[in-house]
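S.K.:
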Amino acid sequence: MKTITQVLLLVSIVVVSSCRKRHVYPAPPIGKYELRSEFAENGQYDYPANNGNILSFTGNRIEMYDKTGLIDKGTFEVKYGEDESRGQVSLITISASVQKTAIYQLSSDTLKMITDAGNNFAGGGVKTYVKVN
Numbered sequence: 001m002k003t004i005t006q007v008l009l010l011v012s013i014v015v016v017s018s019c020r021k022r023h024v025y026p027a028p029p030i031g032k033y034e035l036r037s038e039f040a041e042n043g044q045y046d047y048p049a050n051n052g053n054i055l056s057f058t059g060n061r062i063e064m065y066d067k068t069g070l071i072d073k074g075t076f077e078v079k080y081g082e083d084e085s086r087g088q089v090s091l092i093t094i095s096a097s098v099q100k101t102a103i104y105q106l107s108s109d110t111l112k113m114i115t116d117a118g119n120n121f122a123g124g125g126v127k128t129y130v131k132v133n
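Just so it is clear: in the sequence shown, position 17 is 17 by the UniProt record's numbering, and no numbers are missing.
Written out as structure tokens, the structure reads:
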């Protein structure tokens, strides 16, 4: 009987410890994404392909380009956060010349960054990027 009790106790400990929720991070963007549209308080603006406004993600590094070349670089971090109206969201914090945090949505080849005016983004809004080679 004593052996059965010890075995049950050991099995219980293993089961309880394996049920612990692992911390999972949202998928980070990888590769180059070109800005295709921007929606803000002044309406929507669509950008043509090959416009040069690129975000390049490698590991935890980010480089930002416009048609003239590299304009900023730094690091980024992704995590989950809470938004009053959306609930749990994926957040990206970019640490470059200015630190910026945005809600982001990543699906197949499209990256959307949703910001508000109080977050170091002029005016706030939604920027949509498409993955490029």
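Backbone N, C-alpha and C define an ideal beta-carbon position, used for all residues, glycine too.
1) Throw me the rounded Cβ distance for the Gly125 and Glu34 pair, which I believe falls under 8 angstroms.
2) Would you identify the three-state DSSP class for Lys112, choosing helix, strand or coil?
3) Taking all protein chains shown into account, decide if Lys127 is buried (16 or more other Cβ within 10 angstroms of its Cβ) or exposed.
4) Since Ile92 is in the beta strand (DSSP E), which residue starts that stretch and which ends it?
5) Go to Thr128, then tell me how far its beta strand (DSSP E) extends in each direction, as first and last residue.
6) Could you give the first and the last residue of the continuous beta strand (DSSP E) run that contains Lys67?
M.R.: According to the structure shown:
1) Taking a contact as a CB-CB distance under 8 angstroms, the pair Gly125 and Glu34 does not count as one, their CB atoms being some 17 angstroms apart.
2) Secondary structure of Lys112 (DSSP, three-state): strand.
3) With 16 or more other Cβ atoms within 10 Å, it is buried.
4) Unbroken beta strand (DSSP E) run through Ile92: Gly87 to Ser95.
5) Per DSSP, the unbroken beta strand (DSSP E) holding Thr128 starts and ends at Gly125 to Val132.
6) From DSSP, Lys67 is part of no beta strand (DSSP E); its letter is neither H nor E.
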